[in-house]
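Listed in order, the protein sequences are those of chains Y and L. Quick note on numbering: the first sequence equals residues 12 to 175 in the working numbering. Quick note on numbering: the second sequence equals residues 12 to 175 in the working numbering. All residues carry an ideal CB built from backbone N, CA and C; glycine is no exception. First up is the structure itself, then whatever we jot down about it.
2 protein chains.
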Amino acid sequence: MSRAIKKSEERDAKPRGWLKIGEVSRQSGIGIETLRFYERQGLLGSPGRTMSGYRMYDADVLDRLEFIKRAQALGFSLAEIARIISEKEAGQNPCSEVREVVRRRLNELDERLKQLQRYRRELAAVLKEWDEAGDVEGHICGLIEGSKVRHSSQEHKRFKKGKR
Amino acid sequence: MSRAIKKSEERDAKPRGWLKIGEVSRQSGIGIETLRFYERQGLLGSPGRTMSGYRMYDADVLDRLEFIKRAQALGFSLAEIARIISEKEAGQNPCSEVREVVRRRLNELDERLKQLQRYRRELAAVLKEWDEAGDVEGHICGLIEGSKVRHSSQEHKRFKKGKR
DNA sequence: CTTGACTCTGTAGTCGGCTACAGGGTCTAT
DNA sequence: ATAGACCCTGTAGCCGACTACAGAGTCAAG
């Protein structure tokens, strides 16, 4: 997976192992705009700069990006990832926090699955009911107006905390 | 369109079934701002106006709002609801369209449930693995860095069509 | 006449995670 | 010298369904 190092890069700024943003993007599969966005979100710290202002990344940024991808895959938000990284950089071990987040996600997910399954049953029931009914006249569509669906079904949406 | 409504709307309003927006909001449980938003989205048509510009709704707007709530509970987007309403107003019967949307929702939902269940299994497996591991050192948190989670788990997010 | 409840329009903010410019500057190969 | 690839900052847009003003006008009661 090692790329050919052009001599231009060898003599630029620092010795090898320093990557410009485009190279980081290629190697990580994460878009340039996204990398800059992550930086603004506090996920990448402040990379070094050449004299002309170009970002020069140490190769270990790739590990960091890999970490971010994995954490995202586990359901971590960027804000959570940022917190974990900054804890680590403050010298703490973030593992218990990490465990906590995943545990919380799992509980939320179970809750969510229950809601969606309830919702699925309702949808399926409604469809079955409709298949036996044919078109029903109404103000707009009698099928909807007459269906037994509960308003509480709104639950199938945003189950984040707060609001309403 | 609507007859001129002069002073003493209050007395007109109640017996004749004309409602100001605040009254509609109270009776439907939908916020005033949201009612105006729905109007902009083409869900409510253009209500009559008093000479001073106040919206005056016919009582049947409440049925319309009830319809919107039910349709939302069934998973319809506001755009879909708007289309269905305009079809009806163009003289067509939107019921088959309605059936189609629900059928589509159900299929999407099944797909989604599969993804989330896969994701749930992964999360649970990861957590179990971690409980046996204790804290693991790493660049940030070895638990994440060493976990067997697949990047494809990103699937648990946005399953809308298109992109990426 | 004043108060206070109500309404109007128009615009912008929210949430998350990007993505897309515009309008520059820098670097490298020919 | 110049083309073209690359990089910079800063800002705005996207998705959906709201929600929140600001600043102005309206209306009935006391």
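Exercise for the section: Please decide whether R37 (chain L) counts as near chain Y, where near means a Cβ-Cβ distance under 8 Å. Expected result: no
Problem - Distance between L120 (chain Y) and A70 (chain L) (C-alpha atoms, nearest Å) - result: 41 Å
Problem - Per DSSP, the bridge partner or partners of E66 (chain L) - result: The sequence shown places Arg at residue 66 (chain L), not Glu. According to DSSP, R66 (chain L) bridges with L:R60.
Handout entry: Residue range of the unbroken beta strand (DSSP E) whose run includes L30 (chain Y)
Key = W29 to K31
Handout entry: Buried/exposed call for K168 (chain Y), threshold 16 Cβ in 10 Å
Key = exposed
Handout entry: Terminal residues of the alpha helix (DSSP H) in which E119 (chain L) lies
Key = C106 to D142
Handout entry: Beta-carbon spacing of I151 (chain Y), I41 (chain L) below 8 Å
Key = no
Handout entry: C-beta atoms of S97 (chain L) and G53 (chain L) nearer than 8 Å
Key = yes
Exercise for the section: Check distances from the C-beta atoms of the segment 78-102 of chain L to those of chain Y and list, in chain order, the residues that come in under 8 Å. Expected result: F78, K80, R81, A82, Q83, A84, L85, G86, I95, I96 and K99
Exercise for the section: Less than 8 Å between the CB atoms is what I'm expecting for L154 (chain L) and A144 (chain L), so what's the real figure, rounded? Expected result: 7 Å
Practice task
Give the residues of chain L in contact with A135 (chain Y), contact being defined as C-beta atoms less than 7 Å apart.
Solution key: L117
Exercise for the section: Check the Cβ-Cβ distances between E156 (chain Y) and every residue of chain L, and say whether any is below 8 Å. Expected result: yes
Handout entry: For L54 (chain Y), the first and last residue of its enclosing alpha helix (DSSP H)
Key = Here L54 (chain Y) belongs to no alpha helix (DSSP H), and DSSP marks it neither H nor E.
Handout entry: Local conformation of I41 (chain Y) per DSSP, three classes
Key = coil
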